[in-house]
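Below: one structure, written as structure tokens.
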Amino acid sequence: MTLVTEIRLREILDSRGNATVEAEITTESGGFGRAAAPSGASTGAHEATSPPAGEAIAAAREHAVPRIEGQVYAGDQRSIDAALRAADGTDDFSTIGANSAVSISMAAAKAAADTLGAPLYQHLGGAFRGDELPTPLGNVIGGGEHAADATDIQEFLAVPIGAPSATDAVFANAAVHEAVGEILADRGVPAAKGDEGAWAPSIDDEEAFEVVAAATDRVADEVGFAISMGLDVAAAEMYDADDGVYQYSDTERTPDEQIEYVAELADEYDLAYVEDPLDEEDFAGFAELTDRVDETLICGDDLFVTNVERLERGIEVDSASAILVKPNQIGTLSDAVDAVELAVENGLTPVISHRSGETEDTTIAHLAVATDAPFIKTGAVAGERTAKLNELIRIEETA
Ligand SMILES: C=C(OP(=O)(O)O)C(=O)O
Ligand SMILES: [Mg+2]
207 MTLVTEIRLR
217 EILDSRGNAT
227 VEAEITTESG
237 GFGRAAAPSG
247 ASTGAHEATS
257 PPAGEAIAAA
267 REHAVPRIEG
277 QVYAGDQRSI
287 DAALRAADGT
297 DDFSTIGANS
307 AVSISMAAAK
317 AAADTLGAPL
327 YQHLGGAFRG
337 DELPTPLGNV
347 IGGGEHAADA
357 TDIQEFLAVP
367 IGAPSATDAV
377 FANAAVHEAV
387 GEILADRGVP
397 AAKGDEGAWA
407 PSIDDEEAFE
417 VVAAATDRVA
427 DEVGFAISMG
437 LDVAAAEMYD
447 ADDGVYQYSD
457 TERTPDEQIE
467 YVAELADEYD
477 LAYVEDPLDE
487 EDFAGFAELT
497 DRVDETLICG
507 DDLFVTNVER
517 LERGIEVDSA
527 SAILVKPNQI
537 GTLSDAVDAV
547 ELAVENGLTP
557 VISHRSGETE
567 DTTIAHLAVA
577 TDAPFIKTGA
587 VAGERTAKLN
597 ELIRIEETA
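In structure tokens:
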């Protein structure tokens, strides 16, 4: 039986060394699930609220735990997530915290899978899910809010679109990361790493494009399949709403100039993917850019924040061709899956994603496989990133 008998909550460390929430759930027949909440640095203004871990845990113990223990079945994910919403009583989880909610939601799914003796992706995706595995987007150079004194654009991503398998794609991204390190060294550029394990050199965006293009070309030649480039501009972080301009280190761009700039980059570098090219309130600007580019996925992260209401707004005006899905942006697995389903019904590509602050938790690898998402964004190297990538390799072996 999957009746939840016990929920334990504790503070653990995330990859930035901050406290985050970990949940453990035990079921009546001894099933066990453990999950932890990630945390963002370049968070969207419309994300669910995550208070400090200690406060979130205290609130969840008071409001949510008594409503679930002995009363809700872990295998019934919708009921678990409805109980979390009812316990919280707000739209944005500001009572118990999205960090408490998402860790309990994910731990329940894992406890149910354990009780059933099934892998998590199978429990979440069911027997008749598709058999495609997601292609990983690997962050190889990063700046913005994820590193000091580095690029303006937050993420330069390797996109191994021609990889014959997810495993080949994972290794290709790591090879691009290594090649970027070598090319930077050849140029005499010292580089530490940012929050997600990507190189964080003190170079301008133009040089980063050159370096990543050289690295993807070099590795594509070695592995014999196509590797494109992608970006997360995280443009909301550089948008100055008072002046109505995007602030770059060396220049500023009006919204029209920003659209022009990103469209030119997409053309010049054959970008397969651009996330958050414009401010999180600019549904119309996103739509203009999506219309301008042919081959480039335009993805909304801060724009949609995994929220079906914001996604509906974007669908009405054709704002984007892809949506980033981060379970902790919205607070439960059910809400995240609803966003994936609405996106797919309307022709948008779902991209399941990590946060810049992560743990060893591997739920998103299973979620991506369960939902047949074509892409997963979870870094290229660093332990908390390879935890998910290695899980994908294991899943590919058995799925
Ligand atoms: C992963 C990202 O960063 P953060 O978790 O800081 O929002 C992102 O912006 O896509
Ligand atoms: Mg983003």
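For the sequence shown, our numbering begins at 207 and goes up steadily by one.
Yeah, the Cβ is synthetic: ideal placement off N, Cα and C, and Gly gets one too.
Going by CA-CA distance only, name the one from the options that's closest to residue i.
{"i": "residue 409", "options": "403, 586, 397 and 301", "result": "397"}
{"i": "residue 339", "options": "423, 328 and 345", "result": "328"}
{"i": "residue 364", "options": "370, 472, 437 and 546", "result": "437"}
{"i": "residue 242", "options": "376, 540, 273 and 570", "result": "570"}
{"i": "residue 428", "options": "369, 590 and 402", "result": "369"}
{"i": "residue 213", "options": "505, 337, 225 and 240", "result": "240"}
{"i": "residue 469", "options": "447, 487, 458 and 504", "result": "504"}
{"i": "residue 284", "options": "541, 572 and 527", "result": "541"}
{"i": "residue 270", "options": "598, 604 and 294", "result": "294"}
{"i": "residue 389", "options": "597, 424, 596 and 372", "result": "424"}
{"i": "residue 314", "options": "207, 420 and 256", "result": "207"}
{"i": "residue 596", "options": "342, 422, 494 and 281", "result": "342"}
{"i": "residue 375", "options": "404, 228, 323 and 433", "result": "433"}
Under 6 Å Cβ to Cβ from residue i, same chain only, skipping five residues before and after it: list those, please.
{"i": "residue 237", "result": "317, 320 and 321"}
{"i": "residue 461", "result": "491"}
{"i": "residue 511", "result": "250, 252, 253 and 535"}
{"i": "residue 431", "result": "368 and 369"}
Does DSSP put residue i in a helix, a strand or coil?
{"i": "residue 360", "result": "coil"}
{"i": "residue 541", "result": "helix"}
{"i": "residue 445", "result": "strand"}
{"i": "residue 471", "result": "helix"}
{"i": "residue 238", "result": "strand"}
{"i": "residue 460", "result": "coil"}
{"i": "residue 476", "result": "coil"}
{"i": "residue 423", "result": "helix"}
{"i": "residue 212", "result": "strand"}
{"i": "residue 403", "result": "coil"}
{"i": "residue 395", "result": "coil"}
{"i": "residue 552", "result": "coil"}
{"i": "residue 303", "result": "coil"}
{"i": "residue 410", "result": "coil"}
{"i": "residue 389", "result": "helix"}
{"i": "residue 491", "result": "helix"}
{"i": "residue 547", "result": "helix"}
{"i": "residue 499", "result": "coil"}
{"i": "residue 439", "result": "coil"}
{"i": "residue 558", "result": "strand"}
{"i": "residue 486", "result": "coil"}
For residue i, which residues of its own chain have a beta-carbon under 8 Å away from its beta-carbon, when the five flanking residues on both sides are left out?
{"i": "residue 456", "result": "410"}
{"i": "residue 418", "result": "346, 347, 362, 364, 382, 386 and 435"}
Shorter than 7 Å from the beta carbon of residue i to some beta carbon of chain D?
{"i": "residue 530", "result": "Of the chains in the structure shown, none is chain D; there is only one protein chain."}
Looking only at its chain, what residues have a beta carbon closer than 7 Å to the beta carbon of residue i, apart from the 5 residues adjacent to it on each side?
{"i": "residue 406", "result": "348, 349, 353, 356, 397, 398, 399 and 400"}
{"i": "residue 311", "result": "286, 287, 290, 538 and 539"}
{"i": "residue 224", "result": "245 and 563"}
{"i": "residue 257", "result": "303"}
Original post:
Are the region 520 to 537 and the region 213 to 225 touching by the rule of at least three beta carbon pairs closer than 8 Å?
Top reply: Output reads no: the region 213 to 225 does not touch the region 520 to 537.
Original post:
Three or more C-beta pairs closer than 8 Å, one from the region 309 to 326 and one from the region 228 to 235: is that the case here?
Top reply: Result yes; three or more Cβ-Cβ pairs closer than 8 Å.
Original post:
For the region 560 to 602, which segments carrying the alpha helix (DSSP H) assignment without a break, of at least 4 residues, lie completely within its bounds, in sequence order?
Top reply: Within the region 560 to 602, the complete alpha helix (DSSP H) runs of at least 4 residues are 569 to 576.
**OP:** Quick one: which unbroken alpha helix (DSSP H) runs of 4-plus residues sit fully inside the region 509 to 533? Chain order, please.
**Re:** Counting whole runs of 4 or more residues, the region 509 to 533 contains the alpha helix (DSSP H) stretches 514 to 522.
Original post:
With a cut-off of 8 Å, do at least 3 Cβ pairs link the region 257 to 264 to the region 297 to 308?
Top reply: In short, these stretches touch, since the Cβ pair count reaches three.
Original post:
Within the chosen definition, does the region 350 to 360 reach the region 439 to 452 through at least 3 CB pairs nearer than 8 Å?
Top reply: Pairwise C-beta distances place the region 350 to 360 in contact with the region 439 to 452, as three or more of them are shorter than 8 Å.
**OP:** Check whether the region 330 to 339 touches the region 575 to 582, counting contact only when three or more Cβ pairs, one atom from each stretch, lie closer than 8 Å.
**Re:** Yes, since at least three Cβ pairs between the region 330 to 339 and the region 575 to 582 fall closer than 8 Å, the two stretches touch.
Original post:
At which residue ranges does the region 218 to 289 contain complete beta strand (DSSP E) runs of 3 or more residues, listed in the order of the chain?
Top reply: Within the region 218 to 289, the complete beta strand (DSSP E) runs of at least 3 residues are 225 to 233 and 238 to 242.
Original post:
Can we say the region 554 to 565 touches the region 273 to 286, given the rule of at least three CB pairs closer than 8 Å?
Top reply: No contact exists between the region 554 to 565 and the region 273 to 286.
Original post:
If we count Cβ pairs, one from each stretch, closer than 8 Å, do we get three or more for the region 444 to 452 versus the region 471 to 479?
Top reply: Flag = no, the region 444 to 452 and the region 471 to 479 do not touch.
Original post:
Where are the alpha helix (DSSP H) runs, 4 residues long or more, that stay fully inside the region 304 to 375, in chain order?
Top reply: Counting whole runs of 4 or more residues, the region 304 to 375 contains the alpha helix (DSSP H) stretches 304 to 322 and 326 to 331.
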